[in-house]
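Residue numbers (our numbering): 1 to 250.
The beta carbon of each residue, even a glycine, is placed where N, CA and C say it ideally should be.
This structure is a prediction, so every number in the text was calculated from the model and none was measured.
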C-alpha cells in the first residue's frame, strides 16, 4: 500500500480538526457518556486527539506501518500498528465508541464483512464512513454505496442513525466525503431524543441513505467536462494540422 508523506498528514490534520470537533460534538450529544474510544484506521490520531480534548481519557488508535509515528497527535502508547487489510483485529476490551472513517474502501471486498464484525466487537456505537462509488482516492479498492455498509452492520444487529449529515451538509469547512458518508451505527435501535440529549440538539429532516454531495458531483462533472474539452481541442488541432499538410501538397 502506498505510504503517505509528512506533508500529507500535516495538511490532513489541519483540515480534519474542524470536522472532528463539529461531528464529535453532535455524536456526543446523542449517545451515553463516552470515556473510551477506539479508531480503526486512525492515521495520526486526529479524531482521537479531539476526543481527548473533550474529556475522553482512554483512547486507542490502530493503523498500518505507513503511519509516521513521529507525527502522532495521540501518545505513542495509544497507537497500535496493525494490518487492517489482512490482520486479525482483536483488542482485550470494548470501548464506549468505535470510529472508522474513510478506511473500509481501502480494504478488499473479501474483508468487508470481517471488518464490520471487528468494529461491532469493539463497541455498541460505531461512527463510520466509507467512500461511495467513483468517489476516487488513493488505493480505493472497495467503494460502495452507504446502504451496502448499513446491510453489513444490520447483519450484526446494528441500526443506522443518520444524525450527523443533515447538520453538517452545508459546512464547507468539512470535506464533502464526511458530509455525504458519515453515519452512526448502534446496537440500540433508538438513541436519546432531543429533549433527553439537551436543548442544543435539533433533529433535522431525514435524507436518503445513498446520497452524493453536490460538491462531489460538481467536481466530477467539471473534471469530465475538462476531458471532453481537451479532446475537442486535440481534435481541432489534428484537423488543422492535417489540412495544413494537405495544403502544402498542392
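From 164, 211 and 223, residue whose alpha carbon lies closest to that of residue 30: 164
| message | Tell me whether the stretch 36-51 and the stretch 80-99 touch, counting them as touching only if at least three CB pairs, one residue from each stretch, are closer than 8 Å. | response | yes
Assuming residue 289 and residue 135 make a contact with CB atoms under 8 Å, what is their CB distance in whole Å? No statement about residue 289 is possible, as the shown extent of the chain runs from 1 to 250 and does not include it.
* Identify the residues that DSSP records as bridge partners of residue 45: which are they? -> Bridge partners of residue 45: none, in fact.
Practice task
Could you spell out the range, first to last residue, of the beta strand (DSSP E) harbouring residue 36?
Solution key: 36-40
- [ ] State the beta-bridge partners of residue 128 as determined by DSSP.
- [x] Partner residues in the beta bridge of residue 128, as assigned by DSSP, are 100 and 183.
Terminal residues of the alpha helix (DSSP H) in which residue 115 lies: 112-122
Query raised in the report: For residue 107, does the count of other Cβ atoms within 10 angstroms reach 16, so buried, or fall short, so exposed?
Result: buried
* Which whole-angstrom value is the C-beta distance of residue 122 and residue 91, which I expect to be below 8 Å? -> Cβ-Cβ separation between residue 122 and residue 91: approximately 6 Å, consistent with a contact (criterion under 8 Å).
Apart from the five residues on each side of it in sequence, which residues of its chain come closer than 6 Å, Cβ to Cβ, to residue 103? 41
| query | For residue 226, does the three-state DSSP call read helix, strand or coil? | reply | With a pLDDT of only 47 at residue 226, under 50, the local geometry of the prediction cannot be trusted, and no value is derived from it.
Quiz item: What runs of the beta strand (DSSP E), each 3 residues or longer, lie entirely inside the stretch 144-171?
Solution: 159-161
*Decide if residue 88 is buried, meaning its Cβ has at least 16 other Cβ atoms within 10 Å, or exposed.*
Residue burial annotation: residue 88 is exposed, with fewer than 16 other C-beta atoms found within 10 angstroms of its C-beta.
Where residue 175 falls, given that 16 or more other Cβ within 10 Å makes a residue buried | Result: buried.
Beta-carbon proximity of residue 83 to residue 61, cut-off 8 Å:
no
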